[in-house]
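Residue numbers (my numbering), protein chains in the order written: chain A, 504 to 617; chain B, -14 to 100.
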Amino acid sequence: EAEVAQSPRYKITEKSQAVAFWCDPISGHATLYWYRQILGQGPELLVQFQDESVVDDSQLPKDRFSAERLKGVDSTLKIQPAELGDSAMYLCASSLHQGRNGYTFGSGTRLTVV
Amino acid sequence: AQSVTQLDSQVPVFEEAPVELRCNYSSSVSVYLFWYVQYPNQGLQLLLKYLSGSTLVKGINGFEAEFNKSQTSFHLRKPSVHISDTAEYFCAVTPLRTGFQKLVFGTGTRLLVSP
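Structure (structure tokens):
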């Protein structure tokens, strides 16, 4: 069964440092999503791509977060500088048909900022 | 905009007992509805979805959910739970319209199954 690949699985970083997460969606899935899940809460959308274009980044803290999907395949989410409140699970997902049949999620990256 | 309310943050239940996890949503347009399960330190796995047609939807692992439009609910049920069903369960909605839409999640319900 096809999977969404994410790396690293776990990341510990000091505040004010830069950190990056990588996601490789299921082959052929044009839509890619980055969600943030704070402990004890549901996931919240940070950014949505259709191919290489951003279609929704309204909840992305653009002063410190950036996301790219240069060739419309894999994607990188970056935080610089990291803050203590950024500690969370960062989930990548991909979908066909703009998500109307549901998304396939990766295993996530657990970020701890110390 | 859409929103999802999961009324119970935690549901304790004994093994082999039935369980219902409640989900209510708010939307000014029709929606697609989903239930996802998340095991510790894992991503989310799709349990079942309602797109159209029969309001009773069957999913994986013996779970089912019923869409009730008048009550704007999509409660998840299982007639007999196993220890392995212990996990976090998320209800989610996305609007039924063209264009790019996002999946909006509830805050989750932790199902705790004990022997």
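C-beta: ideal position from N, C-alpha, C; glycine also.
List the whole-angstrom C-beta distance separating residue i from residue j, where the pair is believed to meet the contact cut-off of C-beta under 8 Å.
{"i": "SER584/A", "j": "SER519/A", "result": "Before going on, a small fix: residue 584/A reads as Pro here, not Ser. Correct: roughly 4 Å between the Cβ atoms."}
{"i": "LEU573/A", "j": "SER590/A", "result": "With 8 Å as the limit, LEU573/A and SER590/A do not qualify as a contact, their Cβ atoms being about 28 Å apart."}
{"i": "VAL616/A", "j": "GLU586/A", "result": "6 Å"}
{"i": "LEU548/A", "j": "LYS87/B", "result": "5 Å"}
{"i": "SER578/A", "j": "LEU542/A", "result": "No, SER578/A and LEU542/A are not in contact; Cβ-Cβ is about 24 Å, not under 8 Å."}
{"i": "ALA523/A", "j": "LEU594/A", "result": "Not quite, the Cβ-Cβ distance comes to about 15 Å (not below 8 Å), so this is no contact."}
{"i": "TYR21/B", "j": "PHE75/B", "result": "5 Å"}
{"i": "ASN9/B", "j": "LEU(-8)/B", "result": "7 Å"}
{"i": "GLY545/A", "j": "GLY91/B", "result": "5 Å"}
{"i": "THR71/B", "j": "ASN53/B", "result": "Contact doesn't hold; Cβ gap of about 27 Å is too wide."}
Pull the bridge partners of residue i from the DSSP assignment, please.
{"i": "ALA570/A", "result": "LEU580/A"}
{"i": "PHE52/B", "result": "PHE59/B"}
{"i": "PRO3/B", "result": "Answer is none; PRO3/B lacks a bridge partner."}
{"i": "GLN82/B", "result": "Rather than Gln, the amino acid found at residue 82/B in this sequence is Arg. In DSSP, ARG82/B forms no bridge with anything."}
{"i": "GLN(-5)/B", "result": "ARG95/B"}
{"i": "ALA72/B", "result": "LEU96/B"}
{"i": "ARG613/A", "result": "TYR513/A, MET592/A"}
Worksheet entry | Validate contact between the region 525 to 543 of chain A and the region 504 to 516 of chain A using beta carbons, cut 8 Å, 3 pairs | Touching, per the Cβ criterion.
Fill in: chain A contacts from the region 29 to 41 of chain B (Cβ-Cβ distance under 8 Å)
Cβ contacts with chain A: LEU29, GLN30, LEU31, LYS34, LEU36.
Worksheet entry | Cβ-based contacts, 9 Å cut-off: residues of the region 3 to 25 of chain B near chain A | Correct list: TYR17, PHE19, TYR21, GLN23.
Fill in: At least three beta-carbon pairs within less than 8 Å, the region 32 to 42 of chain B to the region 2 to 21 of chain B
In this structure the region 32 to 42 of chain B lies against the region 2 to 21 of chain B, because at least three pairs of beta carbons, one per stretch, are closer than 8 Å.
Worksheet entry | Length-filtered (3 minimum) beta strand (DSSP E) runs lying within the region 506 to 574 of chain A | If only uninterrupted beta strand (DSSP E) runs of at least 3 residues are considered, those enclosed by the region 506 to 574 of chain A are 508 to 510, 513 to 516, 522 to 527, 534 to 540, 547 to 553, 556 to 559, 568 to 571.
Discussion item. Taking beta-carbon pairs under 7 Å, can you tell me which members of the region 534 to 551 of chain A lie near chain B?
Written reply: Per Cβ criterion, the list reads GLN544, GLY545, PRO546, LEU548, GLN551.
Worksheet item: If you measure beta-carbon to beta-carbon, which residues of the region 567 to 579 of chain A are closer than 7 Å to chain B?
Response: Cβ contacts with chain B come from no residue of the region 567 to 579 of chain A.
Discussion item. If contact is defined by three or more beta carbon pairs under 8 Å, each pair taking one atom from either stretch, is the region -9 to 5 of chain B in contact with the region 61 to 76 of chain B?
Written reply: Three or more pairs of CB atoms, one per stretch, sit closer than 8 Å, so the region 61 to 76 of chain B contacts the region -9 to 5 of chain B.
Item to complete: Using a Cβ-Cβ cut-off of less than 7 Å, list which residues of the region 81 to 95 of chain B approach chain A; keep chain order.
Response: The region 81 to 95 of chain B vs chain A, Cβ under 7 Å: PHE85, GLN86, LYS87, LEU88, PHE90, GLY91, THR92, GLY93.
Item to complete: Would you list, in chain order, the members of the region 66 to 81 of chain B that have their beta-carbon closer than 7 Å to a beta-carbon of chain A?
Response: Of all residues in the region 66 to 81 of chain B, PHE75, THR79 have a Cβ within less than 7 Å of some Cβ in chain A.
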